[in-house]
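One structure is given below, encoded as C-alpha cells.
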Amino acid sequence: MSTPQRLETVRRLQTVMASAYATLGAWCLIHPYSVIALGFTPKYIAMSNATTYLFTRCFGAQAMTCGLLLGTSSMTAFSFTAFGLAMIPYIGWNFWFSGIGPSRGMINSLMWLDFIGNVFFMSGSLWCGKVLREEARKSSGEGGSEALLRE
Numbered sequence: 023m024s025t026p027q028r029l030e031t032v033r034r035l036q037t038v039m040a041s042a043y044a045t046l047g048a049w050c051l052i053h054p055y056s057v058i059a060l061g062f063t064p065k066y067i068a069m070s071n072a073t074t075y076l077f078t079r080c081f082g083a084q085a086m087t088c089g090l091l092l093g094t095s096s097m098t099a100f101s102f103t104a105f106g107l108a109m110i111p112y113i114g115w116n117f118w119f120s121g122i123g124p125s126r127g128m129i130n131s132l133m134w135l136d137f138i139g140n141v142f143f144m145s146g147s148l149w150c151g152k153v154l155r156e157e158a159r160k161s162s163g164e165g166g167s168e169a170l171l172r173e
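For the working numbering, add 22 to where a residue sits in the sequence shown, where the first one is 1.
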C-alpha cells in the first residue's frame with residue numbers, strides 16, 4: 023500500500039471510530055431504557071431507576087463528546103496510541119461484569135458486541151499510530167505525522 027493509501031485508510035478508520043462513538047453515545051443519551059434492556063440481565067434491569075437512566079445518559083454524552091473530538095482532531099501517532107491504550111479498562115470491564123469478576127451475570131451475551139467494539143477501537147487506534155510513526159520515519163524531514171495527515 024502506498025503512503026497516500028495508508029494515510030487515507032487512517033483517516034477513514036478515524037472517521038468510522040468517531041461515527042461509532044457519536045452514534046452509540048447518542049443512543050445512550052436519547053433512549054437509555056432500550057440500552058439497558060438490551061445490555062443487562064433481567065435481574066439488573068429490574069433494579070433500574072431514575073439514577074440508572076441518568077448515568078446511562080451521562081455515559082452517552084461523554085461518548086458523543088469523544089466521537090466529536092475524535093472526528094475533528096488531527097490525530098498524531100502518539101494520540102492514536104494513547105487512545106488505543108485507553109481502551110484497556112473498557113475491555114477489562116467487559117470481562118469483569120460478564121463472567122470472570124464478582125459481578126458476573128450483570129450483562130447479557132449481547133454485550134460481547136461491546137467487547138468486540140472495544141477490541142476494534144484498541145487495535146484500530148494502535149494500527150493507526152503505527153502507520154503514522156512509520157510514515158513519519160519515511161518522510162523524516164517533512165514535518166512528521168501531523169503534516170502527513172493534513173496532506
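Note that the Cβ used here is the ideal one computed from N, Cα and C, for glycine as well.
These figures come from a predicted structure and were not determined experimentally.
Legend entry - the stretch 99–116 in contact with the stretch 143–150 per 3-pair CB rule at 8 Å: yes
Legend entry - Counted within 10 angstroms of its Cβ, other Cβ atoms place Glu-157 as buried (16 or more) or exposed: buried
Legend entry - Every unbroken alpha helix (DSSP H) inside the stretch 60–95 [4 residues or more]: 64–67 and 72–94
Inset, instruction - Would you kindly work out how many angstroms separate the C-alpha atoms of Gly-155 and Ala-99, rounded to a whole number? - result: It should be noted that the sequence gives Arg, not Gly, for residue 155. Rounded to whole angstroms, Arg-155 to Ala-99 spans 6 Å at the Cα level.
Inset, instruction - Could you check what DSSP says for Ile-122 in three-state terms: helix, strand or coil? - result: coil
Inset, instruction - Tell me where the alpha helix (DSSP H) around Ser-41 begins and ends. - result: 25–52
Inset, instruction - Rounded to whole angstroms, what's the CA-CA distance from Tyr-55 to Gly-151? Just pull it up for me. - result: 36 Å
Inset, instruction - Find out if the Cβ-Cβ distance for the pair Gly-123, Thr-63 is shorter than 8 Å. - result: no
Legend entry - Burial state of Ser-120, where buried means 16 or more other Cβ atoms lie within 10 Å: buried
Inset, instruction - Keeping to the same chain, check which residues put their C-beta closer than 8 Å to that of Leu-35; ignore five residues upstream and five downstream. - result: Gly-146, Trp-149 and Cys-150
Legend entry - Separation of Arg-79 from Ile-129, as counted between CA atoms: 18 Å
Inset, instruction - Classify Gly-47 as buried or exposed, calling it buried when 16 or more other Cβ atoms lie within 10 Å of its own Cβ. - result: buried
Legend entry - For Ile-129, the residue or residues it bridges with in DSSP: Phe-62
Legend entry - Chain-order list of residues whose beta-carbon lies under 8 Å from that of Thr-45 (same chain, five-residue window excluded): Gly-89
Legend entry - 7 Å Cβ shell around Asn-116 - same chain, five flanking residues per side excluded: Met-133, Asp-136, Phe-137 and Asn-140
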